[in-house]
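Peer 1: Its first residue numbered -12, the sequence shown is counted upward by one per residue in the numbering used here. Quick reminder that beta carbons are idealized off the backbone N, C-alpha and C, glycines included. One structure follows; several queries about it will come next.
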Amino acid sequence: MVIATSPEPAHSHRATRYNGLIHLSRKRIVHHLIVGILAGLGLALPSASHAAEGTVSFEVMTPETALAAAQAALENCRGSDYQVAVAVVDRFGGIQVVLRDLLAGARTVNTAVGKARTAVGFRTNTSDMVPVTAMGQPAAGIRHLPGVVVVGGGVIIEAAGSLVGGIGVSGAPGGELDDVCALAGIEAIEDLLEF
């Protein structure tokens, strides 16, 4: 099979036909290639309206705010001669800060983290969970879930009606006293968050 080849003028941007085959000039091929790539990129890149429909936004505490809450809770317990551990977690239970006083027991760290995560996970203070998860109650099984700590000392942190994290305190003589320290930590950051 022989294809007729006739030179194409340098200024031609049109396609020419040779025995049923289409011949495009190099310039025209590059033009189509660039247009195709740009069109493909335009389809691949989400617009602002598409991003808003497919995503959510939420508030989180800065590390500095989480640290301020933990330090205030620790200092409050120290003022009552309690050696405690304090944990602050984000709204998903991710640890932001853990502080352990010098003489706080070894298990206080894990317990404080568990209290904070339990509060965030159930979106309620752990003290409020104690009666509804007691033996014989319909929600008693919650106490047996891995990582759940249903003892006072886990308190949720909210800003402008949204959950932003939780604080857990462990080591004071009783969950009610852990709660007092946790609430002091939250009170210390109220001005930094929109309540």
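#1: Between E46 and A146, is the Cβ-Cβ spacing less than 8 Å?
#2: Please work out which residues of its chain come closer than 6 Å, Cβ to Cβ, to L179, disregarding the five sequence neighbours upstream and downstream, and give them in chain order.
#3: Give the list of continuous alpha helix (DSSP H) stretches no shorter than 4 residues that lie fully inside the region 97 to 129.
#4: Going along the chain, which residues of its own chain have a beta-carbon closer than 6 Å to the beta-carbon of N63, five neighbours each way excluded?
#5: If you run the structure through DSSP and keep just helix, strand and coil, what is I9?
#6: Run through DSSP, which three-state label would L132 get?
#7: Do you know offhand how far G155's Cα is from A39's?
#8: What is the rounded straight-line gap between the Cα of D115 and the Cα of G139?
#9: At which residues does the beta strand (DSSP E) containing I143 begin and terminate?
#10: Going by beta carbon distance, what residues of the same chain come within less than 8 Å of I129, once the five residues before and after it are set aside?
#11: Anyone know if the C-beta pair for G158 and T95 falls short of 8 Å?
#12: Use the C-beta contact count for T113: other C-beta atoms within 10 angstroms, 16 or more gives buried, fewer gives exposed.
#13: Does the beta-carbon of Q124 have 16 or more other beta-carbons within 10 angstroms, so that it is buried, or is it exposed?
#14: At which residue ranges does the region 146 to 177 contain complete alpha helix (DSSP H) runs of 4 or more residues, listed in the order of the chain?
#15: Let me know the secondary structure DSSP gives R78 once reduced to three states.
#16: According to DSSP, which residues form a beta bridge with A72?
#17: Could you compute how far the alpha carbon of A175 sits from the alpha carbon of V75?
#18: Taking CB distances under 8 Å as the criterion, tell me whether G123 reaches chain D.
#19: Apart from the five residues on each side of it in sequence, which residues of its chain come closer than 8 Å, Cβ to Cβ, to H131?
Peer 2: Walking through what the data contain:
#1: As a position in the sequence shown, residue 46 is number 59, starting the count at 1. As a position in the sequence shown, residue 146 is number 159, starting the count at 1. Yes; because the gap between Cβ atoms is below 8 Å, this pair is in contact.
#2: Numbered from 1 along the sequence shown, position 192 holds the residue referred to as residue 179. T52.
#3: 113 to 119
#4: Here residue 63 corresponds to residue number 76 of the sequence shown, with the count starting at 1. Correct list, in chain order: C168 and A171.
#5: In the sequence shown, residue 9 corresponds to position 22, counting from 1. Confidence at I9 is low in this model, with a pLDDT of 48, below 50, so its placement is unreliable and the value that follows should be read with caution. Three-state result, I9: strand.
#6: To locate residue 132, count along the sequence shown from 1; it is residue 145. The answer is coil: DSSP assigns L132 none of H, G, I, E or B.
#7: Here residue 155 is taken as the residue at index 168 of the sequence shown, counted from 1. Here residue 39 is taken as the residue at index 52 of the sequence shown, counted from 1. The straight-line gap from Cα to Cα measures roughly 34 Å.
#8: The sequence position of residue 115 within the sequence shown is 128, counting from 1. The sequence position of residue 139 within the sequence shown is 152, counting from 1. Each residue's Cα considered, the two are about 8 Å apart.
#9: Locating residue 143 in the sequence shown gives position 156, counting from the first residue. First-last of the beta strand (DSSP E) with I143: G141 to A146.
#10: Here the question's residue 129 lines up with position 142 in the sequence shown. The residues are F109, M116, T120, V135 and V137.
#11: In the sequence shown, counting from the first residue as 1, residue 158 sits at position 171. In the sequence shown, counting from the first residue as 1, residue 95 sits at position 108. Their beta carbons are under 8 Å apart, which means G158 touches T95 by this criterion.
#12: Start at 1 with the first residue of the sequence shown, and residue 113 comes out as number 126. Per the 10 Å Cβ criterion, buried.
#13: To locate residue 124, count along the sequence shown from 1; it is residue 137. With fewer than 16 other Cβ atoms within 10 Å, it is exposed.
#14: 162 to 175
#15: Along the sequence shown, one-based indexing puts residue 78 at 91. R78: coil per DSSP, three-state reduction.
#16: Walking along the sequence shown from the start, residue 72 turns up at place 85. For A72, which the question treats as bridged, DSSP gives the partners R87 and S157.
#17: As a first step, residue 175 must be located in the sequence shown, where it is residue number 188. As a first step, residue 75 must be located in the sequence shown, where it is residue number 88. For A175 and V75, the distance between alpha carbons rounds to 13 Å.
#18: Here chain D cannot be found, since the structure has a single protein chain.
#19: Sequence index remark: in the sequence shown, residue 131 carries index 144 (1-based). If we look at H131 and ignore the five residues flanking it on each side, it has no Cβ neighbours.
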